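*Asks:*
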Amino acid sequence: MPDPTPDQTPDPGQARPGSADEAGRQRLREALVRPSRGQVVVGILLAALGFAAITQVRTNNTDNSFAGYREQDLVDVLSGLAVTSQQAQDQINQLEVTRRQLEQNRADQTAALEAAQKQAEELSILAGLAPATGPGIRVTVTEGPRPVDVDSVLDTIEELRSAGAEAMQVNGRVRLVAQSSVESAPGGLRIDGTLLTSPYVLDVIGDPHTLQGALSLVDGPIAQFRDAGATVDVQQEKALDITAVRKPVTPQFAQPQ
Amino acid sequence: MIAALGLLVGVVLGLIFTPDVPAGLDPYLPIAVVAALDAVFGALRAYLEGIFDDKVFVVSFFSNVVIAAAIVYLGDKLGVGGQLSTGVIVVLGIRIFSNVAQIRRYVFHA
C-alpha cells in the first residue's frame with residue numbers, strides 16, 4: 002500500500018499522460034456522487050479535524066495573548082510583572098512620603114500664616130493702623146486761664162509710654178504713635194497736624210493702676226497740669242475703645258536692613 | 073460526499089459547543105490540527121492518483137497527529153518547545169504545499 006502522503010513520487014503533471022488526470026477527476030466526481038463505505042471513516046476523521054480546528058480558532062480568538070505562551074515565557078512575563086509591581090509599590094511609598102511632607106509643610110505654613118497674621122494685628126495696633134479695645138484710663142485735661150504747656154503734654158505721653166501704654170488717642174480723633182508730633186497752636190494744640198482744643202481727653206489702653214500711678218508721681222504730669230491752672234480728671238475704665246486710626250505710611254528713606 | 077459532510081458536521085459541532093481546550097493540551101492542539109491537515113491533503117492526492125486506501129489514511133492521520141504532538145512535547149521538556157513547534161509547522165507546511173500542488177495538477181491540469 003502506498004503512503005497517502007508520498008514525497009518521492011515523480012511529478013505526475015509531467016510523467017503521467019492526460020488520461021490519468023482524467024481518471025483522477027472522474028474518481029473525485031464519483032466520490033461526490035456515490036458515497037462508499039470507506040468514506041465513513043474519512044468523514045469521521047474529518048469531523049474530528051474540523052472540530053479541533055474550530056476549537057483552536059475559538060481559543061485563539063477568545064483567550065488573551067498569554068494562551069500560546071510556554072512555561073518559560075510565562076515565568077519571564079510573571080517575573081517582569083513582579084518587578085514592575087515592585088517598582089510601582091516603591092513609587093507609591095515614595096509618593097505617600099511626599100504627600101505626608103507636603104501636608105506637614107502645609108500645616109507648618111498655616112501655622113506660620115496664623116502667627117504672622119496675629120503679629121500683623123498686634124503690630125497694626127502698635128502702629129495705630131487698627132482700632133483697639135481693652136482696659137485702661139481716661140485722662141481729661143481742662144484748660145485753665147493759661148493754655149496747656151506742650152512740654153507737659155509730651156511728659157504725660159512719655160510717662161504713659163514708660164508705664165506700658167499700648168494704644169492712645171486724643172479727643173477720639175488723633176491716634177498717638179511713635180511718629181506723632183505735638184506742637185502748640187493758637188487756640189489749642191496741634192497733634193499730627195490736627196488742631197485740638199480743650200478739654201483734652203486722652204484714652205490710654207494698658208494696665209490702669211500702673212498708668213494712673215505713672216501720672217500721679219510727685220512733680221508728675223498731673224502736678225504739672227495743675228500748676229499750670231488746668232484741672233485733671235483720671236478715670237480707670239474696664240473696657241476702653243480706641244477708634245481713631247492712622248493711615249499707613251510707607252517709609253521713603255528708611256530701608257529694612 | 074460523506075467526507076465533506078463529516079468536515080461540515082465537525083465545524084458545526086465546534087461552533088455549537090465551543091469547548092475549552094484543556095490546559096495540558098493547549099500547546100499541542102494547533103500542531104495536531106496542522107498535522108491532520110497534512111494527512112488529509114496527502115489522502116486527497118492519493119485518491120486522485122487512484123492509490124487511496126482508507127486504512128492507510130486512518131493510520132497516517134493518527135500517526136501524524138501523535139508524532140507531531142510528541143515532538144512538541146519533547147521540545148517542551150528540552151526547553152526548545154517554541155522552536156521545535158515552529159520547525160514542525162514549517163515541515164508540515166512544505167508537505168501541504170507540495171501535496172496541494174499535485175492535487176492542483178490533477179484537478180485543474182495546471
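Line by line, the protein sequences give chains A and B. So in the working numbering, spot 34 of the first sequence is number 35, and the numbers just go up one at a time. So in the working numbering, spot 86 of the second sequence is number 158, and the numbers just go up one at a time. We put the CB at the ideal spot given by N, CA and C, even for glycine. If you're wondering where the values come from, they're calculated on a predicted model, not measured in any experiment.
1. Which term fits residue 72 (chain A), buried or exposed, when burial requires 16 or more other beta carbons within 10 angstroms of its beta carbon?
2. If we ignore side chains and look at the alpha-carbon of each, how far apart do residue 101 (chain A) and residue 95 (chain A) end up?
3. Quick one: is residue 93 (chain A) near chain B, going by C-beta distance under 8 angstroms?
4. So which of A:165, A:181 and A:134 has the shortest CA-CA distance to residue 155 (chain A)?
5. Report the rounded CA-to-CA distance for residue 44 (chain A) versus residue 76 (chain A), giving the unit in angstroms.
6. I'd like the span of the beta strand (DSSP E) that includes residue 243 (chain A), first residue to last.
7. If you count every other CB in all the chains shown that lies within 10 Å of the CB of residue 153 (chain A), and 16 or more means buried, which is it?
8. For residue 175 (chain A), I'd like the list of residues in its chain whose CB is within less than 8 angstroms of its CB, leaving aside the five on either flank, ordered along the chain.
9. Counting only beta-carbon separations shorter than 8 angstroms, does residue 30 (chain A) have a partner in chain B?
10. Going along the chain, which residues of the segment 39 to 53 of chain A sit with their C-beta nearer than 8 angstroms to a C-beta in chain B?
11. Please report the straight-line C-alpha distance between residue 200 (chain A) and residue 123 (chain A), rounded to a whole angstrom.
12. What is the residue span of the alpha helix (DSSP H) that residue 97 (chain A) lies within?
13. When you compare only the Cα positions, how much space is there between residue 224 (chain A) and residue 142 (chain A)?
14. By the three-class DSSP mapping on this structure, what secondary structure does residue 148 (chain A) have?
15. Could you tell me whether the Cβ of residue 25 (chain A) comes closer than 8 angstroms to any Cβ of chain B?
16. For the segment 124 to 140 of chain A against the segment 235 to 244 of chain A, do three or more pairs of beta-carbon atoms, one drawn from each stretch, fall closer than 8 angstroms, so that the two count as touching?
17. So, using beta-carbon positions, are residue 123 (chain B) and residue 41 (chain A) closer together than 8 angstroms?
18. Which bits of chain A does residue 160 (chain B) rub up against, with CB to CB less than 9 angstroms?
19. With 16 as the cutoff for other CB atoms within 10 Å, does residue 258 (chain A) come out buried or exposed?
20. For residue 1 (chain A), count neighbouring C-beta atoms within 10 Å of its own C-beta (all shown protein chains included) and say buried if the count is 16 or more, exposed if not.
21. For residue 104 (chain B), return the contacting residues in chain A, with the cut-off set at a CB-CB distance below 8 angstroms.
22. Under a CB-based cut-off of 8 angstroms, is residue 57 (chain A) close to chain B?
23. Judging by CA-CA distance, which residue of B:94, B:157, B:96 and B:151 is the nearest neighbour of residue 139 (chain B)?
24. In or out: residue 254 (chain A) buried (at least 16 other Cβ within 10 Å) or exposed?
25. With a CB to CB cut of under 8 angstroms and the five nearest residues on each side skipped, what residues in its chain are close to residue 7 (chain A)?
26. So is residue 112 (chain B) in contact with chain A if we call contact Cβ pairs under 8 angstroms?
27. Just checking: is the beta-carbon of residue 179 (chain B) within a distance shorter than 8 angstroms of some beta-carbon in chain A?
28. On the DSSP bridge list, what partners appear for residue 202 (chain A)?
29. Could you work out which residues of chain B lie near residue 107 (chain A), taking near to mean beta carbons separated by less than 8 angstroms?
*Replies:* Walking through what the data contain:
1. exposed
2. 10 angstroms
3. no
4. A:181
5. 41 angstroms
6. 232 to 243
7. buried
8. 181, 192, 193, 195, 197 and 245
9. no
10. 39, 40, 41, 42, 43, 44, 45, 46, 47, 48, 49, 50, 51, 52 and 53
11. 30 angstroms
12. 72 to 127
13. 12 angstroms
14. coil
15. yes
16. yes
17. no
18. Simply none; closest approach about 14 angstroms.
19. exposed
20. Because residue 1 (chain A) is not part of the residues shown, which for chain A are 2 to 258, the question remains open.
21. 53
22. yes
23. B:157
24. exposed
25. Any reading at residue 7 (chain A) is ruled out, since the residue's pLDDT is 46, under 50, leaving its predicted position unreliable.
26. yes
27. yes
28. A:141
29. Going along chain B, no residue has its Cβ under 8 angstroms from residue 107 (chain A), so there is no contact; the nearest lies around 54 angstroms.
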